[in-house]
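*Asks:*
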Amino acid sequence: MADEHEEVGEDVVEVAADAPAGPMSVEDALQEVLKKALVHDGLARGLRECVKALDRRQAHLCVLIETCTEKEYVKLVEALCKEHNINLIKYSDAKKLGEWVGLCKIDKEGNARKVVGCSCVVVKDFGEESEAKNILLDYVSNK
1 MADEHEEVGE DVVEVAADAP AGPMSVEDAL QEVLKKALVH DGLARGLREC VKALDRRQAH
61 LCVLIETCTE KEYVKLVEAL CKEHNINLIK YSDAKKLGEW VGLCKIDKEG NARKVVGCSC
121 VVVKDFGEES EAKNILLDYV SNK
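The UniProt record's numbering puts the first residue of the sequence shown at 1, with every later residue one more than the last.
1) When you compare each of Arg57, Leu43, Cys50 to Gly127 by their alpha carbons, which one comes out closest?
2) Apply the 10 Å Cβ neighbour rule to Arg45 and answer buried if 16 or more other Cβ atoms are within range, or exposed otherwise.
3) Which same chain residues end up closer than 6 Å to Val74 when comparing Cβ atoms and leaving out the 5 residues on each side of it in sequence?
4) Looking at the structure shown, is Ala59 part of a helix, part of a strand, or coil, going by DSSP?
5) Is the beta carbon of Leu54 sitting closer than 8 Å to the one on Val121?
6) Below 8 Å between beta carbons: does that hold for Lys36 and Ser141?
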């Protein structure tokens, strides 16, 4: 009989490079919540979709851009949020918000291109439970 050698492979466990070192910021939590809601088809983007979701009380959270030039737009969204007791978060960068909610093209390297700015986003379905959702809801309730 021939000698048989069995090689034993070593198991290597890699630690994720993008693992958060400390507590998650509110901006990071907002980004993660929006991306998860997008995956679960729980976002309304743009004035028409957002107003319909807010008026039907389907919304859990609304994100509005601080730099919106249309005063009536802001007034309408704020009034609907206040009337139906829906949490409202104001954010500063429309292009970043548009990227987070999928209003862009992704190239081969995974970079966002042709990003369209977004003035208003409503979360109708958070998707799955996450630390980011809890951080965001704590932030809104303490505001």
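Built from N, CA and C at the ideal position, the CB exists for glycine as well.
*Replies:* Reading from the atomic positions:
1) When only C-alpha atoms are compared, the closest one is Leu43.
2) Counting Cβ neighbours within 10 Å, Arg45 comes out buried, since at least 16 surround it.
3) Taking C-beta separations shorter than 6 Å and ignoring five residues to either side along the sequence, the partners of Val74 in its chain run Cys68, following chain order.
4) Ala59: coil per DSSP, three-state reduction.
5) No, these two residues do not count as a Cβ contact at 8 Å.
6) Going by C-beta atoms, Lys36 is not nearer than 8 Å to Ser141.
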